[in-house]
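Undergrad: Handing you a structure now.
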């Protein structure tokens, strides 16, 4: 069965420090992987997807099929990065969409 | 376009009542998704539509839950005979393509008294 795990419920880092939010998945087949973000009092929104290989707001994520991971990274965290981050997956046609439980990132001044 | 719109923003009702939520997707989006989110959890997928066709409904939480998208535009989610455990945020999202970015609404918060 498809599943997304995010082991950290809360991650606190200091401004300027590197940050890595972990995401592991299980899926039979080739999933599409996404990171969604929800800033305080805002809607859930797409941050990035693995297929586009973009860097958004300095964040990158590499799909590691061997380790079934899709960790989100940023070399220098900013206070405005504080938010709730959700890893998600779907099948190639958008079916079987699953979100992880989320990690709250807190960037301290 | 103001994005995905959901109404009402908050619904308070007594246990046993029926409730209906509405979602208006971004106009050119043919995919529409419904999710439930409880405190401390990620969104839980319920069902989705491609135009007016409901492609997945096995993950609706019980037979008390049903969804429609009659003309391939707006959608409604109905919960019959509400129970305390139905209290949650109900989110709607739309996308242009199958595995494309989903655009979320603000959600409807359901509170069961």
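Chains as they are written, first to last, in this note's numbering: chain V, 98 to 206; chain S, 18 to 130.
C-beta atoms are modelled at their ideal positions from N, C-alpha and C, and glycine is treated no differently.
#1: At a CB-CB cut-off below 7 Å, which residues of chain S make contact with residue 198 of chain V?
#2: Out of V:129, V:105, V:114 and V:121, which one is the CA nearest neighbour of residue 193 of chain V?
#3: Rounded C-beta distance between residue 206 of chain V and residue 115 of chain V? I'm assuming under 8 Å.
#4: Answer yes or no: do residue 141 of chain V and residue 158 of chain V have a C-beta to C-beta separation smaller than 8 Å?
#5: Determine the burial state of residue 130 of chain S: buried for a count of at least 16 other Cβ atoms within 10 Å of its Cβ, exposed for fewer.
#6: Could you pull the start and end residues of the beta strand (DSSP E) that residue 184 of chain V belongs to?
#7: So with Cβ pairs under 8 Å, would you call residue 48 of chain S a contact of chain V?
#8: Could you tell me the distance, in whole angstroms, from the CA atom of residue 36 of chain S to the CA atom of residue 101 of chain S?
#9: Can you tell me the Cα-Cα spacing of residue 70 of chain S and residue 89 of chain S, whole angstroms?
#10: May I have the straight-line CA-CA distance separating residue 165 of chain V from residue 117 of chain V, to the nearest angstrom?
#11: Hey, how far is the Cα of residue 203 of chain V from the Cα of residue 105 of chain V?
#12: Does residue 136 of chain V pass the burial test, meaning 16 or more other C-beta atoms within 10 Å, or should it be called exposed?
#13: Under 8 Å, with one C-beta from each stretch per pair, do the segment 108–118 of chain S and the segment 48–63 of chain S reach the 3-pair mark?
#14: Could you name the residues that DSSP lists as bridge partners for residue 110 of chain S?
#15: For a contact meaning CB atoms closer than 8 Å, what does residue 122 of chain S contact in chain V?
#16: Between the Cα of residue 176 of chain V and the Cα atoms of V:190, V:154 and V:187, which residue gives the shortest distance?
#17: Does any residue of chain S have a CB that is nearer than 8 Å to the CB of residue 143 of chain V?
#18: What are the residues of the segment 65–83 of chain S that lie near chain V, defined by any Cβ-Cβ distance shorter than 8 Å?
#19: Could you give the residue range of the beta strand (DSSP E) that holds residue 77 of chain S?
#20: Does DSSP classify residue 177 of chain V as helix, strand or coil?
#21: Taking a contact to mean a Cβ-Cβ separation below 8 Å, would you say residue 99 of chain S touches residue 55 of chain S in this structure?
#22: Quick one: is residue 62 of chain S near chain V, going by C-beta distance under 8 Å?
#23: Could you tell me whether the Cβ of residue 195 of chain V comes closer than 8 Å to any Cβ of chain S?
TA: Once the coordinates are examined:
#1: Against the first chain, residue 198 of chain V aligns to sequence position 101. What residue 198 of chain V touches in chain S: 58 and 59.
#2: Against the first chain, residue 193 of chain V aligns to sequence position 96. The residue with the shortest Cα to Cα distance from residue 193 of chain V is V:129.
#3: Here the question's residue 206 of chain V lines up with position 109 in the first chain. Here the question's residue 115 of chain V lines up with position 18 in the first chain. No, residue 206 of chain V and residue 115 of chain V are not in contact; Cβ-Cβ is about 17 Å, not under 8 Å.
#4: Counting from 1 along the first chain, the entry for residue 141 of chain V is found at position 44. Counting from 1 along the first chain, the entry for residue 158 of chain V is found at position 61. A distance of 8 Å or more separates the beta carbons of residue 141 of chain V and residue 158 of chain V.
#5: Along the second chain, one-based indexing puts residue 130 of chain S at 113. Result: exposed.
#6: Position 87 of the first chain, counted from the start, is the residue given in the question as residue 184 of chain V. Taken as a continuous stretch (DSSP letters only), the beta strand (DSSP E) holding residue 184 of chain V covers 180–187.
#7: By one-based count along the second chain, residue 48 of chain S stands at place 31. It does; some Cβ of chain V falls within 8 Å.
#8: Residue 36 of chain S sits at position 19 when you count from the first residue of the second chain. Residue 101 of chain S sits at position 84 when you count from the first residue of the second chain. If I take the Cα positions, the gap works out to 13 Å.
#9: Locating residue 70 of chain S in the second chain gives position 53, counting from the first residue. Locating residue 89 of chain S in the second chain gives position 72, counting from the first residue. Using only the alpha carbons, I get a separation of about 8 Å.
#10: Counting from one through the first chain, the residue named residue 165 of chain V turns up at place 68. Counting from one through the first chain, the residue named residue 117 of chain V turns up at place 20. The straight-line gap separating the alpha-carbon atoms of residue 165 of chain V and residue 117 of chain V is approximately 16 Å.
#11: Counting from one through the first chain, the residue named residue 203 of chain V turns up at place 106. Counting from one through the first chain, the residue named residue 105 of chain V turns up at place 8. Residue 203 of chain V and residue 105 of chain V have their alpha carbons spaced roughly 12 Å apart.
#12: As a working note, residue 136 of chain V is residue 39 in the first chain. The residue in question, residue 136 of chain V, is exposed, as its Cβ has fewer than 16 Cβ neighbours within 10 Å.
#13: As far as the Cβ criterion goes, the segment 108–118 of chain S touches the segment 48–63 of chain S, which means the pair count is three or higher.
#14: As a working note, residue 110 of chain S is residue 93 in the second chain. DSSP lists S:50 and S:121 as partners of residue 110 of chain S.
#15: Stepping through the second chain from its first residue, residue 122 of chain S is reached at position 105. Those are 140, listed as they occur along chain V.
#16: Looking up residue 176 of chain V in the first chain gives position 79. Shortest Cα-Cα distance from residue 176 of chain V to any of V:190, V:154 and V:187 involves V:154.
#17: Reading the first chain from its first residue, position 46 is the one you call residue 143 of chain V. Yes, residue 143 of chain V lies at the interface with chain S (some Cβ there is under 8 Å from its Cβ).
#18: 65, 72 and 73
#19: Within the second chain, the letter at position 60 stands for residue 77 of chain S. It is not in any beta strand (DSSP E) - residue 77 of chain S carries neither H nor E in the DSSP assignment.
#20: In the first chain, the residue the question calls residue 177 of chain V occupies position 80. Correct three-state label for residue 177 of chain V: helix.
#21: Residue numbering aside, residue 99 of chain S sits at position 82 when the second chain is read from its first letter. Residue numbering aside, residue 55 of chain S sits at position 38 when the second chain is read from its first letter. Their beta carbons are not under 8 Å apart, which means residue 99 of chain S does not touch residue 55 of chain S by this criterion.
#22: For the purposes of this step, residue 62 of chain S is identified with residue 45 of the second chain, where counting begins at 1. It does; some Cβ of chain V falls within 8 Å.
#23: Numbered from its first residue, the first chain carries residue 195 of chain V at position 98. For residue 195 of chain V, the answer is yes, since a Cβ of chain S falls inside 8 Å of its Cβ.
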